[in-house]
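A short write-up of the structure that comes next.
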Amino acid sequence: MKSKYPVLCGSILICELVVVYFAVLTTFGLSVKSAQTLTLAQLLIGASIVAVLAIIAVILLPRRIGERRPGVIIGWVVQGLLLASGFVLTSMFFVAALFIALWAVAVYWSARIDREVAARG
Numbered sequence: 022m023k024s025k026y027p028v029l030c031g032s033i034l035i036c037e038l039v040v041v042y043f044a045v046l047t048t049f050g051l052s053v054k055s056a057q058t059l060t061l062a063q064l065l066i067g068a069s070i071v072a073v074l075a076i077i078a079v080i081l082l083p084r085r086i087g088e089r090r091p092g093v094i095i096g097w098v099v100q101g102l103l104l105a106s107g108f109v110l111t112s113m114f115f116v117a118a119l120f121i122a123l124w125a126v127a128v129y130w131s132a133r134i135d136r137e138v139a140a141r142g
């Protein structure tokens, strides 16, 4: 039976990718005081690291009910990196808080739905 992790958690991570790249462009375009020492290349490298980890997390999410894969843990690492990006662009703290809440809800509901489907057989 198919797990709900790829649908629920994967959609959150993909949305984060879009937001991270818009945040890079915003940070560079606004010449944010805390980011003035960072070049566009450095911002893109940082965003690319987050993007690669998010894509790896999506790939490694459990595909079948009961499967144990590291995608959820890597997803939590991505959430931590998104939170850390708030030190470069302060408004990212708010964005990170929203995505952390969405990620936690997606993980919770994925696990709950998988448990209920497994119990029904």
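Each residue of the sequence shown is one higher than the one before, counting from 22 in our numbering.
We put the CB at the ideal spot given by N, CA and C, even for glycine.
Nothing here was measured: the structure is a model prediction, and the numbers come from that model.
Worksheet item: What are the partner residues of residue 23, as DSSP defines its beta bridges?
Response: The residue labelled residue 23 in the question sits at position 2 within the sequence shown. Residue 23 pairs with 85.
Worksheet item: Where does the unbroken alpha helix (DSSP H) through residue 67 begin, and where does it stop?
Response: Position 46 of the sequence shown, counted from the start, is the residue given in the question as residue 67. Per DSSP, residue 67 belongs to the alpha helix (DSSP H) from 61-80.
Worksheet entry | Own chain partners of residue 106 with C-beta closer than 6 Å, once the 5 adjacent residues on each side are dropped | As a working mapping, residue 106 is identified with position 85 in the sequence shown. In chain order, 113 place their CB closer than 6 Å to the CB of residue 106, counting only its own chain and leaving out the 5 sequence neighbours on each side.
Worksheet item: Can you tell me whether DSSP reads residue 112 as helix, strand or coil?
Response: For this step, residue 112 is matched to residue 91 along the sequence shown. Here residue 112 sits in coil by DSSP.
Worksheet item: Using 8 Å as the Cβ pair cut-off and three pairs as the minimum, do the region 80-89 and the region 37-52 touch?
Response: no
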